[in-house]
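Enquirer: Would you mind keeping the following structure in view while I ask a few things?
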Amino acid sequence: MKKYIFLFILFISLQSCYYPVKKDYGIYSKSLVFSKDKKWLINNIKTGVDSHHREMMSKEALQVFRDLSNGKASDLNTAKAENIIQNSIPFEPEIEDFEMLKNNTDFSFLVNIYTLKVRNSLDNSIGQQYEYKKNETFAMMDVYDIATMKKIYSFKAYSDVSVDKDQKATIFTPTTEMMTMKNFRSLLKSVKKNAVKTENIQ
Numbered sequence: 001m002k003k004y005i006f007l008f009i010l011f012i013s014l015q016s017c018y019y020p021v022k023k024d025y026g027i028y029s030k031s032l033v034f035s036k037d038k039k040w041l042i043n044n045i046k047t048g049v050d051s052h053h054r055e056m057m058s059k060e061a062l063q064v065f066r067d068l069s070n071g072k073a074s075d076l077n078t079a080k081a082e083n084i085i086q087n088s089i090p091f092e093p094e095i096e097d098f099e100m101l102k103n104n105t106d107f108s109f110l111v112n113i114y115t116l117k118v119r120n121s122l123d124n125s126i127g128q129q130y131e132y133k134k135n136e137t138f139a140m141m142d143v144y145d146i147a148t149m150k151k152i153y154s155f156k157a158y159s160d161v162s163v164d165k166d167q168k169a170t171i172f173t174p175t176t177e178m179m180t181m182k183n184f185r186s187l188l189k190s191v192k193k194n195a196v197k198t199e200n201i202q
């Protein structure tokens, strides 16, 4: 009987900490088109997560784009190591950044990913709370067509968790680190789900 009570309490605790990831594509299409003749450059991810999660993000993002493009994706660090690119690329690229990529590389698209922990007041808070507290994070992916120097895709995944005054935060209450990773993986999941594969586009 005690076992069932424990499982019931555990289930309630997990349910209370469920939170949805909200999605916003803005004015852009949900789909990215992958064709055999197009190459993708994944910029360094701008994020506040720890080094372990940062490395996971980099590997997972690169793998998704490699899988969808039949291996025609590279990250900025590799491009630098191979002397294809000399400088860093900002997250709001200017005309000169696109011109450099257009004139010196054969990449077709630039992928920028960044995350932000907007609020983290629930991190390290367990037990009854004496004021309203909230964790809020988002992850965003922007894709640019290097030839036209225009943004062609923008997707934001964001989530929040809050605990009211006199309510309890538990060990199951998600931290901003956990939420950021969930938001980030929602970006990749959406890219995979909505990807359009086609033959070479002229």
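Residue numbers (my numbering): 1 to 202.
Think of the CB as a built atom: it goes at the ideal place given N, C-alpha and C, for glycine as much as any other residue.
1) Return the chain-ordered list of same chain residues with a C-beta closer than 8 Å to the C-beta of R66, the five sequence neighbours on each side being excluded.
2) Which residue from S186, V196, D106 puts its Cα closest to that of D37?
3) According to the Cβ coordinates, are L187 and I85 closer than 8 Å?
4) For N103, list the residues DSSP reports as bridge partners.
5) Quick check on the DSSP output: the alpha helix (DSSP H) that includes M149 runs from which residue to which?
6) Just reading off the alpha helix (DSSP H) that D67 is part of, what are its end residues?
7) Quick one: give me the first and last residue of the alpha helix (DSSP H) that N124 is part of.
8) According to DSSP, is F138 part of a helix, a strand, or is it coil?
9) Within 10 angstroms of the Cβ of V196, are there 16 or more other Cβ atoms? Answer buried if so, exposed if not.
10) Starting from V191, trace the alpha helix (DSSP H) in both directions and tell me its first and last residue.
11) Does K80 come out as helix, strand or coil in the three-state DSSP assignment?
12) Is the distance from the Cβ of M181 to the Cβ of H52 below 8 Å?
Expert: Taking the structure as given:
1) To locate residue 66, count along the sequence shown from 1; it is residue 66. Within the same chain, R66 has close Cβ partners K72, A73.
2) Taking the sequence shown and counting its residues from 1, one reaches residue 37 at position 37. Out of S186, V196, D106, D106 has the C-alpha closest to the C-alpha of D37.
3) By 1-based counting over the sequence shown, the position of residue 187 is 187. By 1-based counting over the sequence shown, the position of residue 85 is 85. Cβ atoms of L187 and I85: not closer than 8 Å.
4) Taking the sequence shown and counting its residues from 1, the one referred to as residue 103 is at position 103. Note: N103 sits in no beta bridge, so no partner.
5) The count along the sequence shown starts at 1 and reaches residue 149 at position 149. Taken as a continuous stretch (DSSP letters only), M149 belongs to no alpha helix (DSSP H), as it is neither H nor E.
6) Along the sequence shown, one-based indexing puts residue 67 at 67. 51-68 is the extent of the alpha helix (DSSP H) around D67.
7) Translated into positions along the sequence shown, residue 124 becomes position 124. No alpha helix (DSSP H) holds N124; DSSP gives it neither H nor E.
8) Within the sequence shown, the letter at position 138 stands for residue 138. F138: strand per DSSP, three-state reduction.
9) Against the sequence shown, residue 196 aligns to sequence position 196. Exposed.
10) Here residue 191 refers to the residue found at position 191 when the sequence shown is read from its first residue. Per DSSP, V191 belongs to the alpha helix (DSSP H) from 176-194.
11) On the sequence shown, position 80 is the one that residue 80 refers to. K80: helix per DSSP, three-state reduction.
12) For this step, residue 181 is matched to residue 181 along the sequence shown. For this step, residue 52 is matched to residue 52 along the sequence shown. Going by C-beta atoms, M181 is not nearer than 8 Å to H52.
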